[in-house]
């Protein structure tokens, strides 16, 4: 059975030569035109409608599938599915946080002292969120005092992103599904040498802001089964409770066509409901089109960044063509895809998000 | 002579009861309707037009002033003048950076090691940039392990913000005026206790994201005289040269009507042209409506934050009503205004940006 059957139906925005952008759903290897139900050139107006409309239109689209027009997926162009309002990135894998501390800050404590009290996050650049397939230009920056040039330690971060539909502030964890429409896969490209020189005390800036790729397909929460809630010790403060469910998603990272990692989202410490509750607890509003990402998905053995996979380039991986890699070279292509436990019992597909590094 | 004479003419968006939003310019204590020349409900389309149109329409408006309709400024409502795309904040006052390090990180080196090599910056939350006059709700957050409540050390940051009109990437310092339309005054409200607990290693997040206030008036660069370029040692790397001119702006911070500080922008280490060059040198694009702020404007004696002014609350200031303050209390009102050397030789006014703290 296809990973993109009628129990999945992620939404995207597509065009064919000579025609305007329309909303479609993916079914198998084709794109089904659903403009009859969602008559916009972007998902944004649909995102704003809220949970009852999301549910009802999905049901109507599903009923109508047999009579709707389908086009082979390789005959359409896929676009950024919605206008990104604010982009926020979290840091919610304990394995990733410990690995990064060990590699980038040897001799310092493994986990920041507040890490288990709140989901650490920061704002990224919304204007440089691009759709899968957009070439990623190797960033320039300062790599040390007076040293300027192209980043040499260009990396990926494999993440799951959450798309906000309904605006709100101080959103309790239990209201997560009223506000969040669905998920995308995210590659938060990162220049580790730029990052190391710039990031204290205000956080990563140019190391991340050149590009963040997302999948063209937004998988509605309704298609995803609830996963086991994470075990959290110490017990979080009340606004972060209950944690809400996890998600049973397994990512797959391919480097020039070779699978190099299969990190599981089930190892994440903080849930997306807790991230949204934290993001808004201070009174900050979220808007339709806000995107917040999980942080790099790394587990005890499988990691979502090459910094971790290759121990900062010191243990290169051998790819299918026999070549070794520590960090990304020009021309390299990275594709992140995922499978997840579907709400109706099967396995569904997410993504993919791809990008090729250009000089 | 008025600080808002025909040599100034900042742009804003206003409405009167029962009428739609329109663009106006401030002349003295009135708002002149310029919808005939700028027929939009927001400055955004005008920002996108670029320098030649900015110059030409300003000249036409100025010629037409005597015949245009003016309304007293206290009879109009002023709105957010443009849609904020991405919001970035810098940290470009050496005095501020040293003061903050000393107060928040005693025993650590005063200035981060890269501080004089690049203008440190980070992304803020665009969706919570609000216009002057919008009430500022005291944020909630974690103030320590397991400690949740309203921020007790609520502070301001008096800054100058730069409004991007024309999109671009890798913008040389010499092309600054082709891309940047003008300036606003910014109050980057900051909760120091939330910040202290959350900010390592990814930077400030909830401590800033609840609200950033900007003045309703955008002063075009054409109204401002070039100031002396800063002295920079060591010499910056080539993409940050030439530095471009400074700006001769003096801010005025009032706390419940009492002037408590007059920090001067002339003490800033990095210029706005260098900040824009840095922001885009990695390949990141700026968009119409991007806002980037200078960072807190502090000089050798006058400071742009209460953290510095009151030494983290340990040396309270006495206000005009005889009451003492370390940080902001509910009901407190802060107004930041400024004067600047005008391009035509006189002194012009900027701002104001005001906000009242609500529980």
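Residue numbers (the working numbering), protein chains in the order written: chain A, 1 to 359; chain B, 1001 to 1359. Using N, Cα and C, we set each Cβ at its ideal position, and we do this for glycine too.
Inter-residue Cα distance where the pair is residue 1333 (chain B) and residue 1303 (chain B): What you label residue 1333 (chain B) is simply residue 333 of the second chain in a count that begins at 1. What you label residue 1303 (chain B) is simply residue 303 of the second chain in a count that begins at 1. Each residue's alpha carbon lies about 18 Å from the other.
Cross-chain neighbours of residue 1272 (chain B) in chain A, by beta carbon under 8 Å: Position 272 of the second chain, counted from the start, is the residue given in the question as residue 1272 (chain B). Simply none; closest approach about 16 Å.
7 Å Cβ cutoff, residue 209 (chain A) in contact with chain B: What you label residue 209 (chain A) is simply residue 209 of the first chain in a count that begins at 1. Residue 209 (chain A) counts as touching chain B.
Residues near residue 259 (chain A) by beta carbon distance below 8 Å, same chain, minus five either side: Numbered from its first residue, the first chain carries residue 259 (chain A) at position 259. Cβ neighbours of residue 259 (chain A) beyond the five flanking positions: 252 and 253.
Minimum Cβ-Cβ distance from residue 11 (chain A) to chain B less than 7 Å: Taking the first residue of the first chain as 1, we reach residue 11 (chain A) at position 11. Chain B, which has no Cβ nearer than 7 Å to the Cβ of residue 11 (chain A), makes this no.
Chain B within 7 Å of residue 73 (chain A), Cβ atoms only: As a first step, residue 73 (chain A) must be located in the first chain, where it is residue number 73. Not an interface residue.
Runs of alpha helix (DSSP H) wholly within the region 1193 to 1243 of chain B (minimum 4 residues, chain order): 1206 to 1209
Any C-beta of chain A under 7 Å from that of residue 1059 (chain B): Residue mapping note: residue 1059 (chain B) aligns to position 59 of the second chain, counting from 1. Closer than 7 Å: no.
Collapsed DSSP secondary structure at residue 1154 (chain B) in the structure displayed: Mapped onto the second chain, residue 1154 (chain B) falls at position 154. In this structure, residue 1154 (chain B) counts as strand in the three-state DSSP scheme.
Contact with chain A by residue 1136 (chain B), beta-carbon distance below 7 Å: Walking along the second chain from the start, residue 1136 (chain B) turns up at place 136. It does not: the Cβ of residue 1136 (chain B) has no partner Cβ on chain A nearer than 7 Å.
Beta-carbon proximity check, residue 1070 (chain B) vs residue 1032 (chain B), cutoff 7 Å: The residue labelled residue 1070 (chain B) in the question sits at position 70 within the second chain. The residue labelled residue 1032 (chain B) in the question sits at position 32 within the second chain. Yes. Within cutoff.
Pick from A:6, A:25, A:20 and A:45 that is closest to residue 287 (chain A), judged by C-alpha positions: As a position in the first chain, residue 287 (chain A) is number 287, starting the count at 1. With distances taken between Cα atoms, residue 287 (chain A) lies closest to A:45.
Chain A contact for residue 1287 (chain B) (CB, 7 Å cutoff): Within the second chain, numbered from 1, the residue matching residue 1287 (chain B) stands at position 287. Residue 1287 (chain B) counts as touching chain A.
Proximity of residue 203 (chain A) and residue 229 (chain A) at Cβ, strictly below 7 Å: Indexing the first chain from 1 puts residue 203 (chain A) at position 203. Indexing the first chain from 1 puts residue 229 (chain A) at position 229. No, they are not a contact pair.
Cutoff 7 Å: residue 181 (chain A) Cβ touching any chain B Cβ: Here the question's residue 181 (chain A) lines up with position 181 in the first chain. Chain B contact via Cβ: absent.
Straight-line Cα distance separating residue 1061 (chain B) from residue 89 (chain A): Counted from its first residue, the first chain places residue 89 (chain A) at position 89. Counted from its first residue, the second chain places residue 1061 (chain B) at position 61. Whole-angstrom Cα-Cα distance: 44 Å.
Contact check, residue 81 (chain A) vs residue 165 (chain A), beta carbons under 7 Å: What you label residue 81 (chain A) is simply residue 81 of the first chain in a count that begins at 1. What you label residue 165 (chain A) is simply residue 165 of the first chain in a count that begins at 1. Result no, Cβ atoms of residue 81 (chain A) and residue 165 (chain A) do not sit closer than 7 Å.
Residues near residue 1193 (chain B) in its chain [Cβ-Cβ closer than 6 Å; skip 5 each side]: The residue labelled residue 1193 (chain B) in the question sits at position 193 within the second chain. Here the set comprises 1143, 1151, 1152 and 1153.
Residue of B:1313, B:1340, B:1350 and B:1241 minimising C-alpha distance to residue 1156 (chain B): By 1-based counting over the second chain, the position of residue 1156 (chain B) is 156. Comparing Cα-Cα distances from residue 1156 (chain B) to each of B:1313, B:1340, B:1350 and B:1241, the minimum goes to B:1313.
Start-end ranges of the beta strand (DSSP E) lying completely within the region 1073 to 1113 of chain B, minimum 3 residues: 1077 to 1079 and 1087 to 1090
Chain A contact residues for residue 957 (chain B), given Cβ-Cβ distances below 9 Å: Nothing can be reported for residue 957 (chain B), as the shown portion of chain B is limited to 1001 through 1359.
Assigned exposure category for residue 208 (chain A) - 16 Cβ within 10 Å defines buried: The residue given as residue 208 (chain A) occupies position 208 in the first chain. Buried is the call here.
As assigned by DSSP and simplified to three states, the class of residue 146 (chain A): As a position in the first chain, residue 146 (chain A) is number 146, starting the count at 1. DSSP places residue 146 (chain A) in coil when its eight states are reduced to three.
Proximity winner among B:1049, B:1024, B:1093 and B:1051, relative to residue 1068 (chain B) (alpha-carbon distances): Position 68 of the second chain, counted from the start, is the residue given in the question as residue 1068 (chain B). Measuring from the Cα of residue 1068 (chain B), the nearest candidate turns out to be B:1024.
Minimum C-alpha distance to residue 43 (chain A) - residue among A:283, A:353, A:188 and A:218: The residue given as residue 43 (chain A) occupies position 43 in the first chain. Nearest option by C-alpha distance: A:218.
Amino acids of chain B, ordered along the chain, whose beta-carbon sits closer than 7 Å to that of residue 307 (chain A): For the purposes of this step, residue 307 (chain A) is taken as residue 307 along the first chain, with counting starting at 1. Those do not exist, as residue 307 (chain A) stays about 14 Å from chain B at its closest Cβ, beyond 7 Å.
Sub-7 Å separation of residue 136 (chain A) and residue 291 (chain A) beta-carbons: Numbered from its first residue, the first chain carries residue 136 (chain A) at position 136. Numbered from its first residue, the first chain carries residue 291 (chain A) at position 291. No. Outside cutoff.
Chain-ordered chain B contacts of residue 156 (chain A) [CB-CB under 7 Å]: Taking the first chain and counting its residues from 1, one reaches residue 156 (chain A) at position 156. Within chain B, no residue comes near residue 156 (chain A); the closest Cβ sits about 16 Å away, beyond 7 Å.
Contact with chain B by residue 114 (chain A), beta-carbon distance below 7 Å: Stepping through the first chain from its first residue, residue 114 (chain A) is reached at position 114. So, interface residue.
Residues that residue 141 (chain A) contacts on chain B, provided the C-beta gap is smaller than 7 Å: If you number the first chain from 1, residue 141 (chain A) lands on position 141. Within 7 Å Cβ-Cβ: 1281 and 1282.
Cα-Cα separation between residue 1275 (chain B) and residue 342 (chain A), rounded to whole angstroms: Here residue 1275 (chain B) refers to the residue found at position 275 when the second chain is read from its first residue. Here residue 342 (chain A) refers to the residue found at position 342 when the first chain is read from its first residue. Their backbone Cα atoms lie some 47 Å apart in a straight line.
Best match in B:1052, B:1077 and B:1127 for proximity to residue 84 (chain A) [C-alpha to C-alpha]: Walking along the first chain from the start, residue 84 (chain A) turns up at place 84. Among B:1052, B:1077 and B:1127, the Cα nearest to that of residue 84 (chain A) belongs to B:1127.
DSSP three-state assignment for residue 316 (chain A), whether helix, strand or coil: By one-based count along the first chain, residue 316 (chain A) stands at place 316. It is coil, neither helix nor strand.
Check whether residue 1265 (chain B) and residue 1237 (chain B) have beta carbons under 7 Å apart: Stepping through the second chain from its first residue, residue 1265 (chain B) is reached at position 265. Stepping through the second chain from its first residue, residue 1237 (chain B) is reached at position 237. Not closer than 7 Å, so no.
Under 7 Å (Cβ pairs) to chain B, residues found in the region 87 to 120 of chain A: 91, 112, 114, 117, 118 and 120
Neighbourhood of residue 339 (chain A) by C-beta distance below 8 Å, restricted to the same chain and skipping five residues each side: Position 339 of the first chain, counted from the start, is the residue given in the question as residue 339 (chain A). 3, 249, 250, 252, 347, 348, 349 and 350.
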